[in-house]
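Note that the UniProt record's numbering numbers the sequence shown so that position 36 is 36, with each residue one more than the last.
From the three backbone atoms N, C-alpha and C, an ideal C-beta is built for every residue, glycine too.
See below for the structure under consideration.
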Amino acid sequence: MSNINRCCGVHKLQVSGGEKVVPQNQYLLRTDAAINTTQSKMGFGAVVHDWQGNLVAGFSAPAVGNLQPLIAEALSLRASLEWCINIQIPLAVIETDSKMLVDKVHNKKADFSALSDVVEDIRYSLSAFPDVHLWHINRTINCRVHNLARRALGQDEESCWNALVPAL
């Protein structure tokens, strides 16, 4: 899964594809979305890892709609960032398995797509975390969060947890 190297108070979370530096007392957020087209429902999931790689908190939420996967991923990232802001989690790294979303957030060109307002909301939320890095990760690394997003498809309301990790 993941491996942690410790040195000088800065920890490197090794994942396939490279190392992500998560400074001590800061956190890594992973997000994902799932879609059930027959029920016109989406599920959002997020987990937070501490600087040592420990899973410390999670969020899942259902949403009504039958939207394109990219829009669902963006809505999940936006909801996850709002959750982290509300509970005051100091993020250093954010990861999602949607490369297109990461590219859109990083691209500063004017965008007039249906996604542009959500991307602007994400950029605004990212400003709450001054040194945060948004990265794309392989879908195989994001399985736990994907399972949480799939679980949200069967929920009626938002669910948050910390310390006691449900089976994912």
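Exercise for the section: Buried or exposed for L148, please, with buried defined as at least 16 other CB atoms from any protein chain shown within 10 angstroms of its CB. Expected result: Taking the first residue of the sequence shown as 1, we reach residue 148 at position 148. The residue is buried, with at least 16 neighbouring Cβ atoms inside 10 Å.
Practice task
Tell me whether K109 sits in a helix, a strand or coil according to DSSP, three-state version.
Solution key: On the sequence shown, residue 109 is found 109 positions in, with the first residue counted as 1. Of the three classes helix, strand and coil, the one that applies to K109 here is coil, per DSSP.
Handout entry: Where P62 falls, given that 16 or more other Cβ within 10 Å makes a residue buried
Key = As a first step, residue 62 must be located in the sequence shown, where it is residue number 62. P62 is buried by the Cβ-count criterion.
Practice task
Report the rounded CA-to-CA distance for Q24 versus H133, giving the unit in angstroms.
Solution key: The residue given as residue 24 occupies position 24 in the sequence shown. The residue given as residue 133 occupies position 133 in the sequence shown. Rounded to whole angstroms, Q24 to H133 spans 15 Å at the Cα level.
Problem - Beta-carbon proximity list for L101, same chain, < 7 Å, skipping 5 on both sides - result: In the sequence shown, residue 101 corresponds to position 101, counting from 1. Take L101, set aside five residues on each side of it, and the residues of its chain with a beta-carbon closer than 7 Å to its own are L70, E73, A74 and L77, in chain order.
Exercise for the section: Would you grab the beta carbon distance between I122 and V145 for me? Rounded to a whole angstrom, and I think it's under 8 Å. Expected result: Walking along the sequence shown from the start, residue 122 turns up at place 122. Walking along the sequence shown from the start, residue 145 turns up at place 145. Not really, about 17 Å apart at Cβ, beyond 8 Å.
Handout entry: Contact under 8 Å by Cβ, residue 173 with R151
Key = Residue 173 lies beyond the range of the chain shown here (1 to 168); nothing can be said about it.
Exercise for the section: May I have a chain-ordered list of the alpha helix (DSSP H) segments no shorter than 4 residues that lie completely inside the region 81–167? Expected result: Fully enclosed alpha helix (DSSP H) runs of 4 or longer: 99–106, 116–126 and 143–152.
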